[in-house]
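In order, the protein sequence lines correspond to chains A and B. Taking my numbering, I'd label the letters of the first sequence as residues 1077 to 1485. Taking my numbering, I'd label the letters of the second sequence as residues 75 to 320.
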Amino acid sequence: MKNTFIARHPSVLIFLACLAVFTLVVTLMSHAYGTGGLSTSFVKTLGRTLCLCLVALAMDLVWGYCGILSLGHFAFFGLGGYMIGMWLMYARTEIIVTESLANSPIPPTAQEVQDAIGTQIFGVVGSSDFPLIWSFAHSLTLQLLLVLLIPGVLALVFGWLAFRSRVTGVYLSILTQAMTLALSLYLFQNESGLRGNNGLSGLQNLPGVSAGQDAISVWFLWASALALGLGYLLAAWVVSGKFGSVVRGIRDDEARVRFLGYSVEGYKLFIFTLTAIIAAIAGALYYPQAGIINPGEVAPIASIYLAVWVAIGGRGRLYGAVIGAAVVSLVSTWFTGGLVPALNLGFYRIDWVDWWLVLLGLSFVLVTLFAPKGIGGLFDLVTDRMAPNRHGADYGPDKGSLREGEGQE
Amino acid sequence: MSTLLEVSGVSVTFDGFRAINNLSFQIGAAELRAIIGPNGAGKTTFMDIVTGKTRPDEGRVIWGEKSVNLLKMNEARIAQAGIGRKFQRPTVFEDQSVYDNLLMAVKNARGPLSVLFYKPTFRDRGKVEELASEIGLADELSRKSGELSHGQKQWLEIGMLLAQEPRLLLVDEPAAGMTLAEREHTTDLLVEAAKTRAVVVVEHDMDFVRRLNCKVTVLHEGSVLAEGSLDHVTANQQVIDVYLGR
């Protein structure tokens, strides 16, 4: 079965091979395990980029294949980050607090340790009590489960309400934007229990691990690459076969799929929830590499960027989404990092840190207008070269069949 | 003959316009029926009501031996219950191959999980191939259906309809855009299908209806104007006035 699946979808194998080679090269050039040609911060950037590729994959599944333009998937990404961040912060603070209290003349009670952790974490928002949502923060296993559960349940409830009312198209996009905006505003409040606009910080330090950041950055790169590889396999499997047929059918003609007897709502809900969980896993791997998460991360604009990446990369093909996310986010890092020399026009100096967004917006418009297949469409040029040249011939055997030009519409 | 579908006293209003007015209609379990009528007579709206797309303001739609109320079911459940529909304009999934189109329609479990873990069985593959040769697309199975000609798309949609194994087929203008030979083939297919199930054909072309050689229902302004053999209804003065005379 495995063989036939790979044989029918050679692009999966090519993608996985590229990903493996990339991971190997970065590892061999890292400080911890290789020549040291790449700085630790750049290895982290690459690891984060892999996570962004994974969330773009989820976006492609929900938008490119199922036709739901969700502008809220970064909310699930952020929630995944918050869930893992809670454990990272709690466990690390616990170690620090235990060490400092160990020197006190009287051994501290469990309650004292708990209170000290609370003061350390929530002092910044003027509180020291643990809110209810931190109940499981002491356990990595439970908090990892919440990474899947919280975004999954939110997507399930939101999707169920939206899809059963048959909200589609632009109205659904607006609803998802409202959802991510509401979540962001809620998290900004100190009462949310997640440290308000301070967010969670110090996430780059793994509690109980003595290895330096140079090694940890490579571990996270491996984990991100593994997650992306598995996510790609899962996505490729989901969109192949009959399920993929039905999902693409929903994108192209929802009513027709209904009249074939498929409950469109159930399928949409499945894809929406599955992609929310994939996005959450990506977020849970991203934020330990970023070191900090705050409510600004789930702002509506983030989810719009996600759609832009997928559109530029080429929606409706999995590798397109990955390429789009990788290219646009890396180029974005390059431009906004002030590494691109400013363009002096004589009368005006174009500073790319400020003008990058204009350039991104312009390329989005240009891609949408002139290359709707995106960067991924370039691969079609290669496969077309390899395919037999039958230009100008009728598609079908009889006179009534479409000519080449018509068929390509 | 037992009644498969019974529509009684159905009315529906769109923004004050009465599209269907106290319509009653019955069809047996193995019967071929043609519906004719001028534009705006409510032919397509009638199909919309039966398939669950439109909810009527009043009336009843009763289905099958167990007398199920179709008005309480959604489109997907109605389709699963055994009502298949072919649209006026051929609607196939143009981005996908003929094979995928047919396989999607073949009668099987329709839930997301059973579809996710579905593998085409020998029986299903055989069925797709058999249908493809019946609709003359056996050599086109791997081609994208968007590349087919208009007539071939019509065929593909009829094939998808048959693959669902419905007990009632609602067919909206099946012969539009077909050549004479194709029309004759369509007639044969529909007549053959009606031996084991109920078939309702909406058609404008009187020659096509004549070839079907079946009971005819004439709709006008949302209700039944006349019903009977084609010769009977075409002799009806009212039918001549509102439909044939124009």
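A virtual CB, placed ideally from N, CA and C, is assigned to each residue, including glycine. Remember, predicted model here, so these are calculated numbers, not experimental data.
Chain order gives no chain A residues near E247 (chain B), where near means a beta carbon separation below 8 Å; the closest approach is about 16 Å. By alpha-carbon distance to A1387 (chain A), the top candidate from A:V1441, A:G1367, A:A1360 and A:D1427 is A:V1441. Taking a beta-carbon distance threshold of 8 Å, L1336 (chain A) counts as an interface residue toward chain B. In this structure, the alpha-carbon of L1133 (chain A) lies about 11 Å from that of G1305 (chain A). Taking 8 Å as the threshold, the shortest C-beta distance from R1332 (chain A) to chain B falls below it. The C-beta distance from V189 (chain B) to K1318 (chain A) rounds to 5 Å, short enough to fall under 8 Å. Per DSSP, the beta-bridge partners of T291 (chain B) are B:I109 and B:E301.
The beta carbon of R184 (chain B) sits closer than 8 Å to the beta carbons of A150 and Q154 from its chain, once the five residues preceding and following it are set aside; these are given in chain order. Using a CB distance below 9 Å, the part of the stretch 183-196 of chain B facing chain A consists of R184, G185, P186, L187, V189, L190, F191, Y192, K193 and P194, ordered along the chain. Exclusion of the five residues before and after Y1363 (chain A) leaves G1157, G1161, L1279 and I1369 as the residues of its chain whose Cβ lies within less than 6 Å of its Cβ.
Cβ neighbours of M1135 (chain A) within its own chain (closer than 6 Å, five residues either side excluded): H1149, L1382 and V1386. Taking the C-beta atoms as reference points, L1225 (chain A) is found no nearer than 8 Å to A1238 (chain A). In its chain, beyond the 5 residues on either side, V1138 and T1252 have a beta carbon closer than 6 Å to the beta carbon of S1146 (chain A). In the three-state reduction of the DSSP assignment, N95 (chain B) falls in the strand class. E149, A150, A153, Q154 and R159: these are the residues of the stretch 134-159 of chain B whose beta carbon lies less than 7 Å from some beta carbon of chain A, given in chain order.
A Cβ-Cβ separation of about 28 Å leaves V124 (chain B) out of contact with V172 (chain B) under the 8 Å criterion. When the alpha-carbon of R1242 (chain A) is set against those of A:V1173, A:D1290 and A:V1340, the nearest one is in A:V1340.
Chain B has a Cβ within less than 8 Å of the Cβ of G1342 (chain A). Listed along chain A, the residues sitting closer than 7 Å to D174 (chain B) by beta-carbon distance are S1321. Taken through DSSP and simplified to helix, strand or coil, S1180 (chain A) comes out as coil. When rounded, the separation of the alpha-carbon atoms in I1171 (chain A) and P1371 (chain A) is 26 Å. Taken in chain order, the complete beta strand (DSSP E) segments of 3 residues or longer contained in the stretch 156-214 of chain B are 157-160.
Cβ-Cβ distances below 8 Å link M147 (chain B) to G126 and A155 in the same chain, with the five nearest sequence neighbours on each side left out; the list follows chain order.
At a cut-off of 8 Å between C-beta atoms, Q228 (chain B) does not count as an interface residue with respect to chain A. By the Cβ neighbour-count rule, V1233 (chain A) is exposed, with fewer than 16 other Cβ atoms within 10 Å of its own. Under a criterion of Cβ atoms nearer than 7 Å, the residues of chain B adjacent to K1318 (chain A) are, in order, L177, M178, V189 and Y192. Taking 8 Å as the upper bound for CB-CB distance, V290 (chain B) and A108 (chain B) are in contact here, some 5 Å apart. By alpha-carbon distance to R1124 (chain A), the top candidate from A:G1414, A:A1366, A:H1214 and A:G1422 is A:A1366. Here I1193 (chain A) is near Y1166 (chain A), since their CB atoms are less than 8 Å apart.
Our two residues, G1396 (chain A) and F91 (chain B), have alpha carbons roughly 49 Å apart in a direct line. Just measuring C-alpha positions, the residue of B:K227, B:L211 and B:L144 sitting nearest D169 (chain B) is B:K227.
Sequence-distant Cβ neighbours of L1164 (chain A) in its own chain, meaning closer than 8 Å and more than five residues away, are L1276, G1278, L1279, N1281, L1282, P1283 and P1364.
For a Cβ distance threshold of 7 Å, residue set S1321 and R1324 of chain A lies close to Q170 (chain B), ordered along the chain. Within chain B, no residue has its CB atom less than 9 Å from the CB of S1241 (chain A), the nearest being about 13 Å off.
Residue-level contact check: S1087 (chain A) does not touch chain B, since none of the beta carbons of chain B fall below 8 Å from its beta carbon. Think of a sphere of 7 Å around the beta carbon of T125 (chain B): the chain A residues whose beta carbon falls inside it are F1335, in chain order.
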